[in-house]
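Numbering (this note's numbering), first residue to last: 27 to 170.
Following this line, the structure appears as structure tokens:
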């Protein structure tokens, strides 16, 4: 799905545009998850009505914990990988306190009680998707 957003910096080396967005452009639907320096919300982009998984990362915590390279690597990998078996990065933006990744929303989240066999199958599918992408486009630094 296309976002209709343009890269605000005119970059041509990234797939997901650095969009001129703020949190005011979204309606928060619910919290999908949280970690030590990020949370993921289901958020609706008001102008399009499209829902995204919006990952919000605290800049101060990223710097304090020395995670900047990790965050940059995550962005590069998400930007490089585009496959039907993987969650796609749709856009990014930032403000004074946070970095935001707008990710494709996966409405069919796996049931936490699902069998180990089904989970293993999902891991296999992701590995195939990554291997296919590496083969097709020569993506470096990503192991299946």
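Where is the CB? At the ideal position from N, CA and C, for every residue including glycine. Remember, predicted model here, so these are calculated numbers, not experimental data.
| query | result |
| --- | --- |
| Could you work out which residue in 91, 112, 77, 99 is closest to residue 58 when comparing CA atoms only? | 77 |
| Among 96, 115, 111, which residue has its Cα nearest to the Cα of residue 105? | 115 |
| Thinking C-alpha only, which one of 73, 125, 131, 74 is nearest residue 89? | 125 |
| Taking the Cβ atom as the reference point for each residue, do residue 131 and residue 81 lie within a distance shorter than 7 Å? | no |
| Give me the Cα-Cα distance between residue 123 and residue 74, rounded to the nearest whole angstrom. | 25 Å |
| DSSP beta-bridge partners for residue 5? | This structure gives no information on residue 5, because the portion of the chain shown stretches from 27 to 170. |
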